[in-house]
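Visitor: Can you keep this structure in mind? I'll have questions shortly.
Residue numbers (our numbering): 37 to 120.
Have a look at this one:
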């Protein structure tokens with residue numbers, strides 16, 4: 037890697053909240069979602085979102101980063117370009 041400071045934490049695979057307790061406390065908009073989609077509400081079936089009262093783009097924002105691998109590649113390229 038380029039250094040220890042340029043890393044990307046995935047909200048899905050690197051969650052430090054396996055039980056969902058922290059997320060439910062601090063993101064009450066998602067508190068009624070099941071654990072399976074709590075950290076990735078954009079993957080929840082529409083009925084699950086509806087049952088939880090979650091409307092993406094209204095009660096909870098849409099994802100900002102949709103392609104994490106591509107964004108990480110852009111970040112690495114930008115850092116390496118800056119160092120040249």
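Note that CB positions come from ideal geometry on N, CA and C, so glycine has one too. Computed from a predicted structure; not experimentally measured.
Kindly give me the distance between the Cβ atoms of residue 91 and residue 69, rounded to whole angstroms, as I take these residues to be in contact under 8 Å.
Guide: Taking 8 Å as the upper bound for CB-CB distance, residue 91 and residue 69 are not in contact here, some 12 Å apart.
Visitor: Three-state secondary structure (DSSP) at residue 116?
Guide: helix
Visitor: Consult DSSP for residue 69 and reduce its assignment to one of helix, strand or coil.
Guide: coil
Visitor: Measure the alpha-carbon distance for residue 84 versus residue 118 and round it to whole angstroms.
Guide: Going from the Cα of residue 84 to the Cα of residue 118 covers about 44 Å.
Visitor: Which class does residue 92 belong to by DSSP, given the choice of helix, strand or coil?
Guide: Of the three classes helix, strand and coil, the one that applies to residue 92 here is strand, per DSSP.
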